[in-house]
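In what follows, a structure is listed as structure tokens, so that the remarks can point back to it.
2 protein chains.
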Amino acid sequence: MSKLSGLLPRRHLLVGSAATLAGAGLATVSRLAHAQAAPKPLPAYVSWKEASNLIVHSGTTIETKRAAFGTSVITPSDQLYIRNNLPAPDASIVADRDAWAVTVEGVKSPRTLTVRELKTMGVETTAMVLQCSGNGRGFFPSKPSGTPWQVGAAGCVVWSGVPVRDVAEALGGVVGGMKFMTGTGGEVLPAGLDPKAIMVERSVPVSAMSDALLAWEMNGQPIPLAHGGPLRLIVPGYTGVNNIKYIKQLAFTSKESDAQIMSHGYRIAPPGSKGDPSQPSVQEMTVKSWINSPTPDRGSVAAGTVQIVGVAFGGLHAVTKVEVSTDGGKTWGVARFVGPDMGKYAWRQFVFTAKLPAGEFILASRATDADKNVQPEMRLENGGGYNNTSWADHAVKVTVA
Amino acid sequence: MSKLSGLLPRRHLLVGSAATLAGAGLATVSRLAHAQAAPKPLPAYVSWKEASNLIVHSGTTIETKRAAFGTSVITPSDQLYIRNNLPAPDASIVADRDAWAVTVEGVKSPRTLTVRELKTMGVETTAMVLQCSGNGRGFFPSKPSGTPWQVGAAGCVVWSGVPVRDVAEALGGVVGGMKFMTGTGGEVLPAGLDPKAIMVERSVPVSAMSDALLAWEMNGQPIPLAHGGPLRLIVPGYTGVNNIKYIKQLAFTSKESDAQIMSHGYRIAPPGSKGDPSQPSVQEMTVKSWINSPTPDRGSVAAGTVQIVGVAFGGLHAVTKVEVSTDGGKTWGVARFVGPDMGKYAWRQFVFTAKLPAGEFILASRATDADKNVQPEMRLENGGGYNNTSWADHAVKVTVA
Numbered sequence: 001m002s003k004l005s006g007l008l009p010r011r012h013l014l015v016g017s018a019a020t021l022a023g024a025g026l027a028t029v030s031r032l033a034h035a036q037a038a039p040k041p042l043p044a045y046v047s048w049k050e051a052s053n054l055i056v057h058s059g060t061t062i063e064t065k066r067a068a069f070g071t072s073v074i075t076p077s078d079q080l081y082i083r084n085n086l087p088a089p090d091a092s093i094v095a096d097r098d099a100w101a102v103t104v105e106g107v108k109s110p111r112t113l114t115v116r117e118l119k120t121m122g123v124e125t126t127a128m129v130l131q132c133s134g135n136g137r138g139f140f141p142s143k144p145s146g147t148p149w150q151v152g153a154a155g156c157v158v159w160s161g162v163p164v165r166d167v168a169e170a171l172g173g174v175v176g177g178m179k180f181m182t183g184t185g186g187e188v189l190p191a192g193l194d195p196k197a198i199m200v201e202r203s204v205p206v207s208a209m210s211d212a213l214l215a216w217e218m219n220g221q222p223i224p225l226a227h228g229g230p231l232r233l234i235v236p237g238y239t240g241v242n243n244i245k246y247i248k249q250l251a252f253t254s255k256e257s258d259a260q261i262m263s264h265g266y267r268i269a270p271p272g273s274k275g276d277p278s279q280p281s282v283q284e285m286t287v288k289s290w291i292n293s294p295t296p297d298r299g300s301v302a303a304g305t306v307q308i309v310g311v312a313f314g315g316l317h318a319v320t321k322v323e324v325s326t327d328g329g330k331t332w333g334v335a336r337f338v339g340p341d342m343g344k345y346a347w348r349q350f351v352f353t354a355k356l357p358a359g360e361f362i363l364a365s366r367a368t369d370a371d372k373n374v375q376p377e378m379r380l381e382n383g384g385g386y387n388n389t390s391w392a393d394h395a396v397k398v399t400v401a
Numbered sequence: 001m002s003k004l005s006g007l008l009p010r011r012h013l014l015v016g017s018a019a020t021l022a023g024a025g026l027a028t029v030s031r032l033a034h035a036q037a038a039p040k041p042l043p044a045y046v047s048w049k050e051a052s053n054l055i056v057h058s059g060t061t062i063e064t065k066r067a068a069f070g071t072s073v074i075t076p077s078d079q080l081y082i083r084n085n086l087p088a089p090d091a092s093i094v095a096d097r098d099a100w101a102v103t104v105e106g107v108k109s110p111r112t113l114t115v116r117e118l119k120t121m122g123v124e125t126t127a128m129v130l131q132c133s134g135n136g137r138g139f140f141p142s143k144p145s146g147t148p149w150q151v152g153a154a155g156c157v158v159w160s161g162v163p164v165r166d167v168a169e170a171l172g173g174v175v176g177g178m179k180f181m182t183g184t185g186g187e188v189l190p191a192g193l194d195p196k197a198i199m200v201e202r203s204v205p206v207s208a209m210s211d212a213l214l215a216w217e218m219n220g221q222p223i224p225l226a227h228g229g230p231l232r233l234i235v236p237g238y239t240g241v242n243n244i245k246y247i248k249q250l251a252f253t254s255k256e257s258d259a260q261i262m263s264h265g266y267r268i269a270p271p272g273s274k275g276d277p278s279q280p281s282v283q284e285m286t287v288k289s290w291i292n293s294p295t296p297d298r299g300s301v302a303a304g305t306v307q308i309v310g311v312a313f314g315g316l317h318a319v320t321k322v323e324v325s326t327d328g329g330k331t332w333g334v335a336r337f338v339g340p341d342m343g344k345y346a347w348r349q350f351v352f353t354a355k356l357p358a359g360e361f362i363l364a365s366r367a368t369d370a371d372k373n374v375q376p377e378m379r380l381e382n383g384g385g386y387n388n389t390s391w392a393d394h395a396v397k398v399t400v401a
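For the record, the sequence lines run as chains X and B.
Take 1 as the starting number for the first sequence in the working numbering and just add one per residue.
Take 1 as the starting number for the second sequence in the working numbering and just add one per residue.
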């Protein structure tokens, strides 16, 4: 259970030990922090990243440390998380980026287009929260299988490429009756296995094409191989897996992909069970926020005025309000947004100024989006540990001295 | 002379050889491109930068290649230009960033404040064009002394720190009669020389404090030593030199600094002469734009639809319009802005879609700001080669095949 207030007596929330706070996910944070004591090295394909800002879970799952998030809106590429369902293709595919080709199906005039051709068809730039469907899984006491991400399987990234709608229009428009936009990744599939069982192919509602890009640039540079270069499908507001790396086919389809990653993967299954096609798919992101400073791993905080800062986003809707609590959710005050507003798909930085005397405090943040959705206190329990937006789980306990 | 149209017959502009285009600065571009054939290595203190995107003029002057600018608004730190008036201090000053101290003078209660203390006083985030006063000097046919920058002594950077106005207010406010905000850099001065002759100390009008920051973060990470960390004075809208690195003193003063870099450096002097205090100081930036793609160094362009992209900014005012010409300035069309608007001090990306047959074309861009200032055709000739905003100088000749 994630219920931080209500189930636990208030006094425990303010002075509680790690044991009493286990239900709030704070013990999980301690456990994970401890696990960082012997860090794994960065794999070679991301050796250009800043190791000190990252937690290496495995060769294909690397998380940004909570203390590494700053207040400058954009997440630098060298500390952006990595989550690859399959190993990245050989680096030879980024040797001649403009030669990479994507086949477009489900339009009146299907065609294979190179990046060179796509670059003549239009240019758009979109800032967007890229977040793994399982970000926050590490706060589930049920320990679902999968990477125990805390907050760092997310970043705010700027993408540049051609709008999918421009490409579709140039090819005569989408064929009638197509309900989905289906992207297929260009990963090399291991031989001898059923391709459908391992390929990365995801479908999103065709309506998502309106803001989607076929992108060749990330944060001002050609998309690194590790992040899907030379060409990545960008679907703003949708979880990371829907943003297909090394995209080799973009199809407008009448049905969802029958690849296993779509039919059984990323489903909201009952706790303890696996996904199947009858369950809701993990797709659109919803309103979420968390505090990045102060946090326990940044050390103790001096009594007096404290600037509590964090990030907030709405998924498909702009974030419009963030409230901050210094008493574990008993009382809340409205935080101030700072910095540039990079559009509804980006996150915003919030700041809440508090006067804190010596003691221990549970700091929490709660965001509201333009559709009046409020970040929930409790996570939705599910077998895969997806979509954790619980403000209680993301609360932090800090010591003020 | 920079006058591209008018002085030169139109037919020469469209089919001109490098010789006939010398007056337009295009020969200069060729000359500089040639000089890049044997690149200098990156100095050790910026070895973390992406060498392939940079032109190393000297150990303290490093430029971003025109072809390295993308369309994602922010300039990544690893390809941002370097221009240091003095060598960077020892890296030991970033070992304990929060311990760095700045003395604030000219307020009712002068004090020395550590970065740790500043972080409790407020947080703001500002995106801003950082541009060397001499950016574009390479296009002056008079070859003024100083680095022959083309377009790459500029970038759009996000800074995070405490607003100077919050610091001043916390210290009782600025003392009456103070007309300037004067920052002093923390560089180590060589012994045996008059400090005033070499120190980095600059004054800007006190009005500039309203949007100024004492910043500790750049593009989402602690400010690198090479860019002025642990603490840099950020004065949005003012040229690079006014954004004091390793700031050790911030003083509100009744007079401008008498350091030589202020009294004689960065002055608009008559061509062929050096600066003195009687001449205007190089301070506020003014409206400017340039095309980053296509350019000659990106190779030939395929006939057909071409996306002409670039950046535009207004200095102290937001940029509101960009026009693009494909015939050397004879005719113009209005470009479209793309991507997030990060505020009036940031640059914006523009895109102009043109249909170009085979041939040679002179591509130019011309920006207008919110105060209706229009980017001029001609540079203002001056001895130091400062403030080159000429659209003719920034035009590029491309071959469409």
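Even glycine gets a Cβ: it sits at the ideal position worked out from N, Cα and C.
Review point. Going along the chain, which residues of its own chain have a beta-carbon closer than 7 Å to the beta-carbon of G385 (chain B), five neighbours each way excluded?
Key: Correct list, in chain order: G134, R137, F140, P144, G146.
Check your understanding: For the region 250–258 of chain B against the region 180–192 of chain B, are there 3 or more C-beta pairs whose distance is under 8 Å?
Key -> Contact between the region 250–258 of chain B and the region 180–192 of chain B is present, with at least three C-beta pairs closer than 8 Å.
Exercise for review: Compare the beta carbon distance of P195 (chain B) and I93 (chain B) with 8 Å and say whether it is the shorter of the two.
Suggested key: No.
Check your understanding: How would you call S300 (chain X), buried or exposed, if buried means at least 16 neighbouring beta carbons within 10 angstroms?
Key -> Under this definition S300 (chain X) is an exposed residue.
Practice item. Would you mind telling me which residues of chain X sit closer than 8 Å to N219 (chain B), beta carbon to beta carbon, in chain order? Key: In chain order: S72, I74, P76.
Review point. V319 (chain X): which of X:D341, X:I362, X:A95 sits nearest, CA to CA?
Key: Nearest option by C-alpha distance: X:D341.
Exercise for review: Select from X:H227, X:G228, X:R165, X:Y246 the residue whose C-alpha is nearest the C-alpha of V206 (chain X).
Suggested key: It is X:R165.
Practice item. Measure the beta-carbon distance from P224 (chain X) to S77 (chain X) and round it to whole angstroms, keeping in mind my assumption that it falls under 8 Å. Key: About 7 Å separates the two Cβ atoms, so the contact holds.
Check your understanding: Near G237 (chain B), what residues of its chain come up, given a Cβ to Cβ distance below 7 Å and the 5 sequence neighbours on each side ignored?
Key -> The residues E284, M285, G315, L316, Y345, in chain order, have a CB closer than 7 Å to that of G237 (chain B) in the same chain once the five nearest residues on each side in sequence are set aside.
Check your understanding: How many whole angstroms separate the CB atoms of T295 (chain B) and V398 (chain B), which I take to be in contact at a CB cut-off of 8 Å?
Key -> That pair is a contact at about 7 Å.
Review point. Span of the beta strand (DSSP E) holding A168 (chain B)?
Key: No beta strand (DSSP E) holds A168 (chain B); the alpha helix (DSSP H) holding it covers 164–170.
Review point. Do A395 (chain B) and L363 (chain B) have their CB atoms nearer than 8 Å?
Key: For A395 (chain B) and L363 (chain B), yes; Cβs fall inside 8 Å.
Exercise for review: State the start and end residues of the unbroken alpha helix (DSSP H) segment that holds M342 (chain X).
Suggested key: M342 (chain X): not part of any alpha helix (DSSP H); DSSP gives it neither H nor E.
Review point. Does V204 (chain B) have its Cβ less than 8 Å from a Cβ in chain X?
Key: Not an interface residue.
**Study point:** Own chain residues within Cβ distance below 8 Å of A35 (chain B), not counting five before or after
**Key:** No answer about A35 (chain B) holds up, because its pLDDT of 47 lies below 50 and its placement is not dependable.
Review point. Counting only beta-carbon atoms, is V129 (chain X) nearer than 8 Å to chain A?
Key: Absence of chain A from the displayed structure is noted, the protein chains being X and B.
**Study point:** Between the CA atoms of E217 (chain B) and A259 (chain B) - distance to the nearest angstrom
**Key:** For A259 (chain B) and E217 (chain B), the distance between alpha carbons rounds to 28 Å.
Check your understanding: Taking the continuous beta strand (DSSP E) assigned at L356 (chain X), which residues delimit it?
Key -> Boundaries of the beta strand (DSSP E) around L356 (chain X): 348–356.
Check your understanding: Could you give the distance in angstroms between the alpha-carbon of A239 (chain B) and the alpha-carbon of C156 (chain B)?
Key -> Here residue 239 (chain B) turns out to be Thr, not Ala, going by the sequence shown. Going by the C-alpha atoms only, they are around 12 Å apart.
Exercise for review: Counting only the same chain and skipping the five closest in sequence on each side, list residues whose C-beta sits under 7 Å from that of R232 (chain X).
Suggested key: Correct list, in chain order: A215, I223, N243, I244, K245, I247.
Exercise for review: Measure the CB-CB distance between V309 (chain B) and S293 (chain B) and report whether it falls below 8 Å.
Suggested key: Taking 8 Å as the cut-off, the Cβ atoms of V309 (chain B) and S293 (chain B) count as close.
Check your understanding: So, is E124 (chain B) buried or exposed, given that buried needs 16 or more other C-beta atoms within 10 angstroms?
Key -> By the C-beta density criterion, E124 (chain B) is buried, having at least 16 other C-beta atoms within 10 angstroms.
Exercise for review: Give the interface partners of P416 (chain B) over in chain X, defined as CB-CB distance under 9 Å, in chain order.
Suggested key: Residue 416 (chain B) cannot be examined here, being either before or after the span of chain B that is shown, 1 to 401.
Practice item. Please compile the residues from chain B whose C-beta is within a distance smaller than 9 Å of the C-beta of E124 (chain X). Key: Chain B residues near E124 (chain X): T71, V338, G339, V351.
Exercise for review: Give the interface partners of V322 (chain X) over in chain B, defined as CB-CB distance under 7 Å, in chain order.
Suggested key: Going along chain B, no residue has its Cβ under 7 Å from V322 (chain X), so there is no contact; the nearest lies around 14 Å.
Review point. Whose Cβ in chain X lies nearer than 8 Å to the Cβ of S281 (chain B)?
Key: Chain X residues near S281 (chain B): none, gap ~29 Å exceeds 8 Å.
Check your understanding: Ordered along the chain, which non-local residues of its own chain (more than five positions away) have a Cβ less than 6 Å from that of T368 (chain X)?
Key -> Cβ within range, chain order: T320, K321, V374.
Check your understanding: Can E50 (chain B) and G152 (chain B) be called in contact, C-beta distance under 8 Å?
Key -> No, the pair does not count as a contact, with Cβ atoms beyond the cut-off.
Check your understanding: Taking DSSP as the reference, what is the three-state secondary structure of L380 (chain X)?
Key -> Reduced to three states, the DSSP call for L380 (chain X) is coil.
Check your understanding: Among B:E201, B:H57, B:G275, B:V73, which residue has its Cα nearest to the Cα of A312 (chain B)?
Key -> If you compare the alpha carbons of B:E201, B:H57, B:G275, B:V73 with that of A312 (chain B), the shortest gap goes to B:V73.
Review point. Along chain B, in chain order, which residues have C-beta atoms closer than 7 Å to that of S300 (chain X)?
Key: None at all; the shortest Cβ gap to chain B is about 12 Å.
Practice item. Could you spell out where the alpha helix (DSSP H) holding A101 (chain X) opens and where it closes? Key: First-last for A101 (chain X): 101–105, but that is the beta strand (DSSP E), not the alpha helix (DSSP H).
Practice item. Taking the CB atoms as reference points, tell me whether V46 (chain B) and M121 (chain B) lie closer together than 8 Å. Key: No.
Check your understanding: Between A401 (chain B) and the rest of its own chain, which residues show a CB-CB distance below 6 Å, the 5 nearest in sequence each way excluded?
Key -> Result list for A401 (chain B): S300, A358, in chain order.
Review point. Is the beta carbon of L86 (chain B) less than 8 Å from the beta carbon of V200 (chain B)?
Key: For L86 (chain B) and V200 (chain B), yes; Cβs fall inside 8 Å.
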